[in-house]
Amino acid sequence: MIFCCPACGGALERHENALVCSKGHSYDLARQGYVHLLPVQQMHAKVPGDTKQMVDARRKFLALGHYDAFRDTLRRLAAAYLPHGGTVLDAGCGEGFYTAALLETAREKGGHVAGVDISKYAVKAAAGQHKGIDFAVASLFHIPCAAESVDVLTDVFAPIVPGEFHRVLKPGGVMILAVPGARHLYGMKTVLYDAPYENEERDTDYDGFDFLGAESVAREITVEGTENIEALFSMTPYYWKTDVAGGERLRRLNTLQTEIKFRFLVYRRR
Ligand SMILES: [Zn+2]
């Protein structure tokens with residue numbers, strides 16, 4: 019069990035349908051097998067993180083295969099750095115699309131995978147679909163893992179919390195961040211905006227980490243059907259900040275062609 023008590027930091031042991039620490043703090047295991055480790059004082063919204071509708075849209079879009087190359091690259095990078103018997107933590111795991119691939123890597127090395135996300139709906143979907151992974155509803159700002167307990171930490175488009183990631187990683191452990199490339203979803207942005215802009219690409223330095231390098235993966239994709247286009251749109255931050263006219267232009271399309279590009283930034287914890 020990689021998770022520890024979010025109240026006192028103590029080790030958690032499984033008792034029937036709950037995880038319990040030595041001080042008696044108890045956390046129910048849901049029927050799907052995940053555990054809720056987000057104390058009320060860390061919940062800044064009543065229902066934090068992705069909604070059920072957003073989670074369903076992500077599952078629908080990711081099942082189309084357009085992002086498989088990103089998933090395969092993440093798996094290959096994790097495999098390159100995971101030691102035998104090591105632990106992978108997927109920080110901001112969502113509905114587990116990437117986490118499930120990381121499990122294959124971990125199994126080849128006799129290791130272990132855990133995923134945390136602040137969205138209860140995402141974690142519920144992840145745990146319901148992918149077995150053999152420890153999933154918890156938790157904040158990336160207060161990860162319920164002991165210091166120096168993780169060998170490889172992955173973060174795909176989730177908030178980056180360098181201090182907390184440094185705390186949970188072992189010395190010599192590796193952090194793999196996936197961030198949008200300059201023209202990621204540029205075809206979608208040209209429909210949504212009169213003056214679309216490119217994302218900034220930079221290799222940020224983080225205290226306590228050595229930058230090992232970056233790898234880019236780019237594709238040109240064609241998304242067919244208004245429902246699939248809408249599913250992709252609702253996964254993006256643009257969904258929340260596009261004016262009505264932009265959204266309407268996108269909803270009139272039956273086919274969307276767009277570039278997609280992820281950058282994978284790899285860091286070693288000192
Ligand atoms: Zn406790």
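Per our numbering: the sequence shown = residues 19 to 288.
All C-beta atoms in this analysis are idealised placements derived from N, C-alpha and C, irrespective of residue type, glycine included.
Everything numeric in this text was worked out from a predicted model, so none of it was measured.
As a quick exercise: from the options, pick the residue whose alpha carbon is nearest that of residue i.
{"i": "T254", "options": "R270, N272, E242, I278", "result": "I278"}
{"i": "G290", "options": "V209, L56, Y215, E219", "result": "Residue numbering for the chain in the displayed model covers 19 to 288; residue 290 lies beyond these limits and cannot be assessed."}
{"i": "K207", "options": "F229, A140, Q275", "result": "Q275"}
{"i": "D169", "options": "R201, G133, V192", "result": "V192"}
{"i": "A165", "options": "D152, K259, L107, K188", "result": "K188"}
{"i": "Y127", "options": "H148, A109, R93, V134", "result": "For clarity, residue 127 is Lys in the given sequence; the question names Tyr instead. Measuring from the Cα of K127, the nearest candidate turns out to be R93."}
{"i": "L271", "options": "H184, T244, F280, V174", "result": "T244"}
{"i": "G133", "options": "F282, I20, Y257, V262", "result": "I20"}
{"i": "F144", "options": "R89, Y116, D90", "result": "In the sequence as displayed, the identity of residue 144 is Ala instead of Phe. When each option's Cα is compared against that of A144, the closest is Y116."}
{"i": "G42", "options": "P180, L30, E248", "result": "L30"}
{"i": "S234", "options": "E34, A119, V197", "result": "V197"}
{"i": "R281", "options": "G264, F227, N217, E266", "result": "N217"}
{"i": "V249", "options": "Y52, R77, T222, C23", "result": "The sequence given here places Ala at residue 249; Val does not occur at that position. Minimum Cα distance to A249 is reached at R77."}
{"i": "T91", "options": "R237, G190, S137, Q60", "result": "R237"}
{"i": "S252", "options": "D74, A36, P66, H54", "result": "D74"}
{"i": "R267", "options": "L283, V209, A232, T260", "result": "V209"}
{"i": "T260", "options": "F159, T105, Y211", "result": "Y211"}
{"i": "L158", "options": "L55, V262, A96", "result": "L55"}
{"i": "S167", "options": "G205, K149, P101, D228", "result": "P101"}
{"i": "G231", "options": "E34, C23, Q60, Y99", "result": "Y99"}
{"i": "E34", "options": "V53, C22, A25", "result": "V53"}
{"i": "Y224", "options": "D152, C22, H184, G265", "result": "H184"}
{"i": "G83", "options": "D152, E122, N246", "result": "N246"}
{"i": "Y118", "options": "A25, H148, Y139", "result": "Strictly speaking, residue 118 in this sequence is Ala, with Tyr absent from that position. Closest option to A118, Cα to Cα, is H148."}
{"i": "Y85", "options": "G265, T273, L203", "result": "L203"}
{"i": "G205", "options": "F175, T273, R288", "result": "T273"}
Express the C-alpha separation of residue j and residue i in angstroms, rounding to a whole number.
{"i": "G103", "j": "A124", "result": "8 Å"}
{"i": "E113", "j": "I194", "result": "19 Å"}
{"i": "E182", "j": "A154", "result": "16 Å"}
{"i": "P68", "j": "C111", "result": "Looking at the sequence provided, one finds Asp at residue 68 rather than Pro. Each residue's Cα considered, the two are about 11 Å apart."}
{"i": "K142", "j": "Q50", "result": "7 Å"}
{"i": "R286", "j": "D46", "result": "35 Å"}
{"i": "V331", "j": "M72", "result": "Given a span of 19 to 288 for the chain in the structure shown, any question on residue 331 remains unanswerable."}
{"i": "S44", "j": "V38", "result": "4 Å"}
{"i": "V179", "j": "Y257", "result": "24 Å"}
{"i": "G27", "j": "Y215", "result": "44 Å"}
{"i": "A81", "j": "I239", "result": "14 Å"}
{"i": "A292", "j": "S40", "result": "Because the chain in this structure spans residues 19 to 288, residue 292 falls outside the shown range and cannot be described."}
{"i": "C163", "j": "A263", "result": "45 Å"}
{"i": "E242", "j": "P57", "result": "42 Å"}
{"i": "F229", "j": "D221", "result": "8 Å"}
{"i": "I136", "j": "L95", "result": "25 Å"}
{"i": "R32", "j": "A48", "result": "13 Å"}
{"i": "L171", "j": "I161", "result": "12 Å"}
{"i": "G190", "j": "A97", "result": "15 Å"}
{"i": "T105", "j": "C22", "result": "15 Å"}
{"i": "V284", "j": "G226", "result": "13 Å"}
Is residue i near ligand 1, with its Cβ less than 8 Å from a heavy atom?
{"i": "C163", "result": "no"}
{"i": "H43", "result": "yes"}
{"i": "A25", "result": "yes"}
{"i": "C39", "result": "yes"}
{"i": "G129", "result": "no"}
{"i": "G181", "result": "no"}
{"i": "G28", "result": "yes"}
Using the DSSP secondary-structure output, state which residues sit across from residue i in a beta bridge.
{"i": "M253", "result": "None; M253 has no bridge partner."}
{"i": "E233", "result": "F282"}
{"i": "M193", "result": "L171, Y285"}
{"i": "V53", "result": "L47, A154"}
{"i": "C39", "result": "L30"}
{"i": "P177", "result": "BP columns for P177 are empty, so no partner."}
{"i": "F21", "result": "C163"}
{"i": "V241", "result": "L274"}
{"i": "G128", "result": "DSSP output for G128 lists no bridge partner at all."}
{"i": "A109", "result": "V134"}
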